[in-house]
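>
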């Protein structure tokens with residue numbers, strides 16, 4: 015049997031903070047405990063925000079913490095053809111359609127409807143039904159060069175996936191040495207998610223399931239903020255005939271105001287801790303001191 019495989023998959027759009035260290039170190043510890051592999055994946059599909067200097071910095075931070083991983087490192091920007099192939103398969107099932115509405119269009123459409131449903135991340139569900147525009151009109155606008163997003167028709171996708179695999183769910187392992195339990199998936203809570211755009215041939219949900227399968231990832235260990243997204247990933251895995259890893263969604267580290275550590279709010283980076291003279295062993299202790 016193949017060895018268990020874990021991965022740490024940061025985006026090089028900023029500097030790593032203690033929350034990233036927590037996830038990376040948990041993956042390392044679990045891989046070591048079962049004689050598994052640790053892989054590093056660079057999720058750099060956001061070509062506007064991801065920068066080579068951030069990738070260099072995160073590799074330096076991880077090495078400073080004492081982590082080792084297999085080579086070569088997979089960079090998503092080098093594998094757009096893999097995601098395009100997956101999109102072709104989904105399109106052949108009649109599950110993908112182009113949408114032309116901007117974020118402003120969506121915001122205006124839901125502004126007068128405070129009860130409009132939102133996804134688990136708090137964003138309003140896409141409010142323009144696929145049936146509102148004919149396939150011929152969508153094709154005409156694509157051919158005219160208009161910007162668009164490729165969306166998954168979630169209702170049809172779930173119906174198709176359930177017909178193939180039955181009720182959707184995933185195996186969640188709560189902590190090291192814990193037993194797996196079945197978690198029911200609720201992909202409809204996300205609405206018609208974006209799988210790609212005209213100028214970017216993939217989005218997070220599609221890329222992550224394709225990458226995990228191609229890299230042979232058997233255990234996905236990531237923050238609890240991504241647990242709900244697993245519902246979308248299970249639909250895509252079933253539709254694309256991909257294996258389902260075991261999942262562990264660990265607790266997050268919070269700042270003094272109770273917010274999760276994040277690049278977007280300027281949480282202190284590992285490089286700053288290193289500059290302050292904090293040794294790597296102390297950073298490891300801080301990252302892992304909170305229970306899972």
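Numbering (the numbering used here), first residue to last: 15 to 306.
Just so it is clear, CB atoms sit at the ideal spot from N, CA and C, and this is done for glycine as well.
These numbers were taken from a predicted model, which means no experiment stands behind them.
I need the straight-line Cα distance from residue 114 to residue 222, nearest angstrom please.
One C-alpha to the other measures close to 24 angstroms.
> Whose C-beta lies closer than 6 angstroms to the C-beta of residue 209 among residues of the same chain, with five residues either side of it excluded?
Closer than 6 angstroms at the Cβ level, and outside the excluded window around residue 209, lie 164, 166, 217, 220.
> Please report the Cβ distance between residue 21 and residue 44, rounded to the nearest whole angstrom; I am assuming they are in contact, meaning their Cβ atoms lie under 8 angstroms.
The Cβ separation is near 11 angstroms, so there is no contact.
> Between residue 139 and residue 117, what straight-line distance do the alpha-carbon atoms span, to the nearest angstrom?
C-alpha separation (whole angstroms): 11 angstroms.
> Might you give, ordered along the chain, the residues of its own chain that have their beta carbon closer than 6 angstroms to the beta carbon of residue 91, omitting 5 neighbours on each side?
Cβ neighbours of residue 91 beyond the five flanking positions: 58.
> So that I know if they touch, is there some Cβ in chain B lying closer than 8 angstroms to that of residue 300?
Among the chains in the structure shown there is no chain B, since it carries only a single protein chain.
> Can you tell me whether residue 274 is helix, strand or coil according to DSSP?
Three-state DSSP puts residue 274 in a strand.
> Closest to residue 187 by CA distance: which of 265, 181, 83, 55 is it?
Nearest option by C-alpha distance: 265.
> Roughly how many angstroms separate the alpha carbons of residue 100 and residue 254, rounded to a whole number?
Computed Cα separation, rounded: 7 angstroms.
> Is it true that the CB of residue 29 sits closer than 8 angstroms to the CB of residue 285?
A contact, by the Cβ cut-off of 8 angstroms.
> Can you tell me whether residue 196 is buried or exposed? The criterion is at least 16 other CB atoms within 10 Å of its CB, across all chains shown.
That one is exposed.
> Compare the Cα-Cα distances from residue 279 to each of 268, 288, 289 and report the closest residue.
Of the listed residues, the one whose Cα sits closest to residue 279 is 268.
> Exposed or buried, residue 201, counting other C-beta atoms within 10 Å across all chains shown (16 or more means buried)?
Counting Cβ neighbours within 10 Å, residue 201 comes out buried, since at least 16 surround it.
> Check this for me: beta carbons of residue 180 and residue 198, under 8 angstroms apart or not?
No. Outside cutoff.
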